[in-house]
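Worksheet for the structure shown next.
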Amino acid sequence: MIYLHKILPMLLSPLGVALGFLLAFLWTKKRVYGWVALGMLVLPATPLVSERLIQWVEGPYTWQAAESAPEVDAIVVLSGSMDAKVHQGQLHWDMQDGDRLLAGIELIKAQRANRLVFTGGRLPWNPQGETEGLALKRLAVAWGIPEQQIEVSSDAFNTADEAQAVAKLLANTSKRIVLVTSAFHMPRAQQLFQEQGLLVTPWPVDYKQSSDSLTVMHFLPQASALAFSTLMLREAMGRVYYGLKLW
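If you read the sequence shown in the working numbering, its first letter stands for residue 290, the second for the next number, and so on.
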């Protein structure tokens, strides 16, 4: 089932849908399928479109100073900021975006909590080796956070798993947490953690929105814009799925 959660959004992504219509065009020779395939690639790859999607998914969140956060039982940093790679048979984690880790460190140093919790993120096709949470723990210790203040949850393959694992870890507390994740991911993550009985203060980071003035570049298709559009649409699908599941 976990593979379906990972693969289905790929099939429903702009590229996946475009390939589907391209195959339909090649099979039927109907031009309309070819035009739809082209549109499904060009429109999401246009920065103007991708930035509107980002604004819609991220919502009205704004940056906050760590000192403004409430005092809670734990700072919880979700996985998803590192990329798992296997080199010479060994699993390695490469940092893709350090905003989540840095926010967690800042909140602990601001004494918003005594416990820093990293979730044990793991991909189903990399079942061996350390989790992302353990890799983040090593980095946090290197940045000066005492090891005894850091905890890593049990293995988690998605956000719902993370929420359940953290709820178990904090079962004997008042369950007040500051939840750190990317802004586009926050609404779904907050909903899932609250469903587990946790009292969540959202702490969004890793904003993707751009405040650049409109230029001709906003109308020229770019691979980076297609990647952002795909990411935002994937998150939107996740919200719909969990919304229906929790309804």
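Glycine included, C-beta positions come from ideal geometry on N, C-alpha and C.
Residue i in three-state terms, based on DSSP
| i | result |
| --- | --- |
| P349 | coil |
| L428 | helix |
| I394 | helix |
| A525 | helix |
| I343 | helix |
| L260 | Outside the displayed span of the chain (290 to 536) sits residue 260, for which this structure offers no information. |
| V361 | coil |
| K457 | helix |
| R465 | strand |
| P298 | helix |
| P493 | strand |
| D501 | coil |
| A399 | coil |
| F508 | helix |
| S370 | coil |
| A354 | coil |
| G410 | strand |
| E421 | helix |
CB-CB length for residue i against residue j, believed under 8 Å
| i | j | result |
| --- | --- | --- |
| F446 | R411 | 6 Å |
| P303 | L515 | 7 Å |
| S518 | V338 | 6 Å |
| A392 | V494 | 5 Å |
| G409 | V375 | Contact doesn't hold; Cβ gap of about 18 Å is too wide. |
| S443 | A454 | 5 Å |
Cβ-Cβ distance between residue i and residue j below 9 Å
| i | j | result |
| --- | --- | --- |
| D362 | R389 | no |
| P298 | Q511 | no |
| G309 | L315 | no |
| S357 | L425 | no |
| I269 | A431 | This structure cannot settle anything about residue 269, because the visible part of the chain is limited to 290 through 536. |
| A456 | Q479 | no |
| V406 | I343 | no |
| M526 | W345 | no |
| E419 | L380 | yes |
| Q498 | E340 | yes |
Residue of the options minimising C-alpha distance to residue i
| i | options | result |
| --- | --- | --- |
| L481 | L503, R528 and A516 | R528 |
| Q417 | A399, A373 and V441 | A373 |
| V321 | A307, D383 and K534 | A307 |
| V331 | I394, E524, M521 and F508 | F508 |
| G387 | I397, L380, A399 and M371 | M371 |
| P476 | Q498, E524 and I394 | E524 |
| Q437 | I397, T504, E421 and Q483 | I397 |
| E421 | D383, I434 and V505 | D383 |
| Y531 | A399, L311 and Q483 | Q483 |
| A399 | I434, I296 and P413 | I434 |
| M329 | T317, G305 and K318 | G305 |
| I270 | P413, L311 and A313 | Missing from the structure shown is residue 270; the chain here goes from 290 to 536 and no further. |
| A334 | M506, L533 and K534 | M506 |
| V366 | T504, L503 and L423 | L423 |
Contact test: residue i Cβ vs the ligand COA heavy atom, cutoff 8 Å
| i | result |
| --- | --- |
| E419 | As presented, the structure is devoid of all ligands, the ligand COA included, so that no description of it is given. |
Original post:
Counting pairs of beta carbons, one from the stretch 341 to 359 and one from the stretch 466 to 483, are three or more of them closer than 8 Å?
Top reply: Verdict: yes, contact present.
**OP:** Say whether the stretch 486 to 499 touches the stretch 448 to 465, bearing in mind that this needs 3 or more beta-carbon pairs closer than 8 Å, one atom from each stretch.
**Re:** The stretch 486 to 499, when compared against the stretch 448 to 465, does touch it at the 8 Å Cβ threshold.
Subject >> Contact the stretch 435 to 451 vs the stretch 315 to 329: 3+ CB pairs below 8 Å >> reply: Counting Cβ pairs under 8 Å, fewer than three are found: no touch.
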